[in-house]
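Colleague:
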Amino acid sequence: MSQQLHKSLTWRDGLAIAMVIPNGLLLTVGYTVGAIGGWTAITIWCVGALVAFAQNMLFAETAAMFPGMSGGISRYATEGWKRYFAPLGAVASYGYWIGWSFSIAVNGAAIGHLITAQWFPHAPSLPFPGHRIGLPEALAVLAIAGGWACNYFGARLAASVSKAVAALVLCGLAVVVIAPFLRPGSWDASRLTWYHGGSWMTLIVWFYVTAWTTYGTEICASFAPEYRDTARDTAKALRLTSLISLGVFFVVPLATVGSVGEETLRSDPVGAFATAFTQALGGFSDVGVLILIVSMFSAWCRARRTGAGRCTAWRGRA
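In terms of full-length UniProt numbering, the sequence shown opens at residue 1 and continues consecutively.
Rendered as structure tokens:
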């Protein structure tokens with residue numbers, strides 16, 4: 001028996017769901033800037049966001065063609081390939097969702113690193129073949145277990161606070177973006193540089209890496225059958241999410257690099273946001289780290305819950 005999804009969402013809900021996507025910028029901006037320079041990183045982020053916008057317009061049309069199909073891009077790929085070579089649909093579905101799955105481990109590791117660096121910098125570690133196991137790894141495992149428990153036992157509670165968390169993150173971003181321009185001498189364009197002396201292959205690789213975040217706005221299409229007006233709400237959520245993300249991908253690196261410098265981000269890429277937050281307010285690094293940790297935890301909880309739920313739903317009816 002098929003399960004009918006409730007049409008209870010509006011485009012605002014889709015926008016709120018996708019607002020976790022810019023969290024990927026906070027996690028990777030330090031690495032990107034450290035490798036290829038500030039201006040080059042901003043260019044790659046913005047080009048990726050524009051490509052994502054174009055893709056989302058296509059996905060909006062596809063959602064209107066298949067208004068009853070949940071699962072988003074992976075489902076559309078399956079429908080498109082099943083008449084010609086069905087296994088490719090399964091490969092496309094796996095390739096799409098595995099990216100979200102990897103983010104669980106990435107965010108868990110980042111949370112463990114941030115907590116250790118901020119509050120337990122001298123925590124001991126144990127030798128392990130090819131690596132050392134210490135507090136960051138233990139905290140990463142706890143974060144992943146906590147996210148699973150949140151989804152399994154408290155999905156309703158997690159859903160109710162997600163908008164508040166998104167608002168908290170946006171407030172933190174606003175502080176980082178606005179403060180450097182209000183304090184004389186805090187922001188300097190000379191701190192941003194262009195990539196030079198390397199190969200084009202490096203830029204292509206970083207474009208691919210940043211696509212992990214820039215293309216994530218397509219998650220709005222995963223809920224297409226649950227929007228009250230599937231065609232209109234899906235298109236509006238995809239369009240607005242893409243445009244907001246484009247703005248975030250431009251102003252956040254611009255303000256962050258211009259205020260703290262590329263070398264600071266290069267030396268501590270994961271804690272770059274906390275560093276910028278501290279410099280913006282002249283302190284309160286603990287607050288910046290807490291905002292970053294909460295945002296990453298909430299982001300992958302939301303991605304895991306929404307993605308797995310919709311994927312399972314349409315697979316169960318296939």
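Heads up, the beta-carbon is just placed ideally off N, CA and C, and yes, glycines get one too.
Everything numeric in this text was worked out from a predicted model, so none of it was measured.
Name the one or two DSSP bridge partners that R132 has.
Modeller: Walking along the sequence shown from the start, residue 132 turns up at place 132. Paired residue(s): P127.
Colleague: With DSSP as the reference, please indicate the residues paired to L9 in a beta bridge.
Modeller: To locate residue 9, count along the sequence shown from 1; it is residue 9. Y227.
Colleague: Round the Cβ separation of G30 and P269 to the nearest angstrom and send it over; I've been treating them as touching at under 8 Å.
Modeller: Locating residue 30 in the sequence shown gives position 30, where the first residue counts as 1. Locating residue 269 in the sequence shown gives position 269, where the first residue counts as 1. Between P269 and G30 the Cβ distance is about 3 Å, and since that is below 8 Å, they are a contact.
Colleague: How many angstroms separate the CA atom of L246 from the CA atom of W187?
Modeller: Taking the sequence shown and counting its residues from 1, the one referred to as residue 246 is at position 246. Taking the sequence shown and counting its residues from 1, the one referred to as residue 187 is at position 187. The C-alpha of L246 lies about 21 Å from the C-alpha of W187.
Colleague: Between the beta-carbon of G147 and the beta-carbon of F297, is there less than 8 Å?
Modeller: Taking the first residue of the sequence shown as position 1, residue 147 is located at position 147. Taking the first residue of the sequence shown as position 1, residue 297 is located at position 297. Yes, these two residues count as a Cβ contact at 8 Å.
Colleague: State the start and end residues of the unbroken alpha helix (DSSP H) segment that holds W45.
Modeller: Here residue 45 refers to the residue found at position 45 of the sequence shown. Looking at the DSSP string, the run of the alpha helix (DSSP H) that includes W45 is 38-65.
Colleague: Report back the beta-carbon spacing between D233 and G14 to the nearest angstrom; my notes put them in contact at under 8 Å.
Modeller: Residue 233 sits at position 233 when you count from the first residue of the sequence shown. Residue 14 sits at position 14 when you count from the first residue of the sequence shown. Yes, they are in contact, since the Cβ atoms of D233 and G14 sit about 7 Å apart, within 8 Å.
Colleague: Given this structure, state the Cα-to-Cα distance separating V175 from I204, to the nearest angstrom.
Modeller: Position 175 of the sequence shown holds residue 175. Position 204 of the sequence shown holds residue 204. Using only the alpha carbons, I get a separation of about 32 Å.
Colleague: Scan the stretch 253-304 and note each continuous alpha helix (DSSP H) run of 4 residues or more that stays entirely inside, going in chain order.
Modeller: 262-267, 272-281
Colleague: Could you check if L182 belongs to the surroundings of the ligand ADP, using beta carbon to heavy atom distance under 7 Å?
Modeller: Absent from the structure shown: the ligand ADP. Ligands present: none.
Colleague: Can you find a C-beta in chain D that's less than 8 Å from the C-beta of Y215?
Modeller: No chain D is present in this structure, which holds just one protein chain.
Colleague: Pull up the distance between the alpha-carbon of A63 and that of V91, whole angstroms please.
Modeller: Position 63 of the sequence shown, counted from the first residue, corresponds to residue 63. Position 91 of the sequence shown, counted from the first residue, corresponds to residue 91. Going by the C-alpha atoms only, they are around 20 Å apart.
Colleague: How long is the line joining the alpha carbons of A255 and G108, rounded to whole angstroms?
Modeller: Translated into positions along the sequence shown, residue 255 becomes position 255. Translated into positions along the sequence shown, residue 108 becomes position 108. Distance between the alpha carbons of A255 and G108 is about 26 Å.
Colleague: Given P180, which residues of its chain have a CB within under 7 Å of its CB, disregarding the five upstream and five downstream residues?
Modeller: Numbered from 1 along the sequence shown, position 180 holds the residue referred to as residue 180. Only S186, W187, A255, G258, S259, A280 meet the Cβ criterion.
Colleague: Between which residues of its own chain and M69 is the CB-CB distance below 6 Å, once the five residues before and five after are set aside?
Modeller: Counted from its first residue, the sequence shown places residue 69 at position 69. Same-chain partners within the cutoff: R75.
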